[in-house]
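First to last, the protein sequences are chains A and B. Sequence positions in the first sequence follow our numbering and run 723 to 837. Sequence positions in the second sequence follow our numbering and run 687 to 802. By construction, the Cβ of each residue, glycine as well, lies at the ideal position given by its N, Cα and C atoms. No experiment lies behind these values; they were computed from the predicted model shown.
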Amino acid sequence: DTEVTQTPKHLVMGMTNKKSLKCEQHMGHRAMYWYKQKAKKPPELMFVYSYEKLSINESVPSRFSPECPNSSLLNLHLHALQPEDSALYLCASSQEPGAGYNEQFFGPGTRLTVL
Amino acid sequence: AQKVTQAQTEISVVEKEDVTLDCVYETRDTTYYLFWYKQPPSGELVFLIRRNSFDEQNEISGRYSWNFQKSTSSFNFTITASQVVDSAVYFCAAGVSGAGSYQLTFGKGTKLSVIP
């Protein structure tokens with residue numbers, strides 16, 4: 723299994739809603755990532771989990787809350803988002819944390835719209 | 687810190703034409719890694735190739751080929767006999783190893799449109 727899966731594919735939410743994005747991989751990868759991608763821009767790193775522990779938070783607002791329940795799952799909890807948070811949210815994984823030579827495998831993303 | 691420059695924002699070619707996507711990188715690290723990813727309209731980034739800084743061999747995979755030249759800090763990507771399915775945004779990216787070196791530095795991407 724060489725896939726990263728993400729659910730849901732699309733999400734529309736109001737600014738007062740609470741929702742979660744889910745990501746799963748079964749490749750035995752020990753690093754998992756959340757990226758945010760706005761239209762016509764490259765992905766921007768948000769969070770990195772290394773061996774199920776949060777290693778990097780790229781100064782992301784607290785309305786985004788990541789969680790790594792186990793080595794295969796990664797969640798992103800959303801609360802009180804703003805319209806400017808509308809974007810494609812990509813999950814990725816790589817074999818070894820801190821190894822720049824490991825390619826990252828990306829999921830199909832969740833297209834989030836905040837009304 | 688690294689920097690990746692993809693000067694071509696958008697390219698249009700007619701099907702079966704060859705096309706080269708340019709990538710220029712800047713880094714102070716002696717060991718680094720370069721990547722190409724494809725992002726079709728569906729959104730998923732698809733890994734295409736990785737090249738290590740100490741391996742300047744060019745690579746060919748089917749219709750795809752990559753030319754890595756340290757002398758010009760370039761890692762260009764050529765598609766031969768382009769097809770409509772090649773239409774996508776292509777990102778060049780760079781990474782380094784070491785503690786905390788998780789981040790890929792992406793270029794801004796080149797949108798390739800292959801016209802039938």
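Q) Which full runs of the beta strand (DSSP E) of 3+ residues lie inside the region 734 to 761 of chain B, going along the chain? A) 745 to 747 and 750 to 755
Q: Return no unless some Cβ of chain B is closer than 7 Å to the Cβ of A/Glu774.
A: Within the first sequence, residue 774 of chain A is the residue found at index 52, counting from 1. No, A/Glu774 does not count as interfacial toward chain B.
Q: Below 6 Å CB to CB, which residues in the same chain sit around A/Ala753 once its five sequence neighbours on both sides are set aside?
A: As a first step, residue 753 of chain A must be located in the first sequence, where it is residue number 31. So the list reads Ser772, Ser816 and Pro819, once near-sequence residues are dropped.
Q: Give the interface partners of B/Gly748 over in chain A, defined as CB-CB distance under 7 Å, in chain order.
A: For this step, residue 748 of chain B is matched to residue 62 along the second sequence. Here the premise fails: no neighbours, minimum Cβ distance about 18 Å.
Q | Integer-rounded CB distance, given that B/Asp708 should sit under 8 Å from B/Gln694 | A | The residue given as residue 694 of chain B occupies position 8 in the second sequence. The residue given as residue 708 of chain B occupies position 22 in the second sequence. Yes, B/Gln694 and B/Asp708 are in contact; Cβ-Cβ is about 6 Å, under 8 Å.
**Q.** Cα-Cα separation between B/Ser751 and A/Leu803, rounded to whole angstroms
**A.** Locating residue 751 of chain B in the second sequence gives position 65, where the first residue counts as 1. Locating residue 803 of chain A in the first sequence gives position 81, where the first residue counts as 1. Using only the alpha carbons, I get a separation of about 43 Å.
Q: Pull up the distance between the alpha-carbon of A/His801 and that of B/Phe792, whole angstroms please.
A: One-based indexing of the first sequence puts residue 801 of chain A at position 79. One-based indexing of the second sequence puts residue 792 of chain B at position 106. Answer to the nearest angstrom: the Cα atoms are 28 Å apart.
Q) Leaving out the 5 sequence neighbours to the left and right, which residues in its chain are closer than 7 Å to B/Gln769 when beta-carbon positions are compared? A) As a first step, residue 769 of chain B is located in the second sequence; it is residue number 83 there, counting from the start. Glu701 and Val800, listed in sequence order.
Q) Going straight from the alpha carbon of A/Asn779 to that of A/Phe786, what length do you get? A) Within the first sequence, residue 779 of chain A is the residue found at index 57, counting from 1. Within the first sequence, residue 786 of chain A is the residue found at index 64, counting from 1. The alpha-carbon atoms of A/Asn779 and A/Phe786 are separated by roughly 10 Å.
Q) Measuring CB to CB, does B/Gln739 end up less than 7 Å from B/Tyr711? A) Numbered from 1 along the second sequence, position 53 holds the residue referred to as residue 739 of chain B. Numbered from 1 along the second sequence, position 25 holds the residue referred to as residue 711 of chain B. Here residue 739 of chain B is Ser; the residue named in the question, Gln, does not match the sequence. Going by C-beta atoms, B/Ser739 is not nearer than 7 Å to B/Tyr711.
Q.
So B/Gln803 contacts chain A; which residues on that side make the cut at Cβ distance below 7 Å?
A. The structure shown has nothing for residue 803 of chain B, since chain B only spans 687 to 802.
Q. Pick from A/Glu806, A/Thr835, A/Tyr811 and A/Asn824: whose alpha carbon is nearest that of A/Thr727?
A. Counted from its first residue, the first sequence places residue 727 of chain A at position 5. The option with the nearest alpha carbon to A/Thr727 is A/Tyr811.
Q.
Using beta carbons (cut-off 7 Å, strictly below), is A/Tyr823 in contact with chain B?
A. Residue numbering aside, residue 823 of chain A sits at position 101 when the first sequence is read from its first letter. At least one chain B Cβ lies under 7 Å of A/Tyr823.
**Q.** Partner residues on chain C for B/Leu720, Cβ-Cβ distance less than 8 Å
**A.** You won't find chain C in this structure, because its protein chains are A and B.
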